[in-house]
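Novice: Sharing a structure below in structure tokens format, with a few things to ask.
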Amino acid sequence: MTLSPGTKVRIKTMAPLGHIRTPHYLRGKTGVVERVLGPFKNPEQLAYMVPAPTRTLYRVRFEMGHIWPDAEAPQDTLDAEIYEHWIDQDAP
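In the working numbering, each number is its position in the sequence shown, counted from 1, plus 270.
In structure tokens, the structure reads:
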């Protein structure tokens, strides 16, 4: 999967055990790919010193009002770096 900047995505709602790099508050939320950061070894596996596949890392931008409905400035944005295996391309 290769996504381009501007692509609308949803973060998967997975809840695996162990070392997780995706913030819980972003799971299930919709954002837009801001940029492609490139391929990196999956830190969720590296944390346990096991072989890790290379996965594409994306910077995804979220509107604060979509994350927290009571946000003081809902139009402000939050950028997060999310690995491809957490991204669902079928965002509404």
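We put the beta carbon where it would ideally sit given N, CA and C, even for glycine.
Between R280, R297 and Y328, which lies nearest to G308 when the distance is taken from Cα to Cα?
Specialist: Here the closest residue by C-alpha is Y328.
Novice: If you follow the beta strand (DSSP E) that I352 is in, where does it begin and where does it stop?
Specialist: Run containing I352: T347 to Y353, per the beta strand (DSSP E) assignment.
Novice: Any chance the segment 302 to 318 sits against the segment 336 to 343, with 3 or more Cβ pairs inside 8 Å?
Specialist: Too few Cβ pairs lie closer than 8 Å, so no.
Novice: Could you say which of D349, A317 and K282 lies nearest to R214 if we only look at CA atoms?
Specialist: Residue numbering for the chain in the displayed model covers 271 to 362; residue 214 lies beyond these limits and cannot be assessed.
Novice: Which residues mark the beginning and the end of the alpha helix (DSSP H) in which I337 is found?
Specialist: Per DSSP, I337 belongs to the alpha helix (DSSP H) from M334 to I337.
Novice: Determine which residues share a DSSP beta bridge with P323 and list them.
Specialist: Partner(s): none; P323 has no beta bridge.
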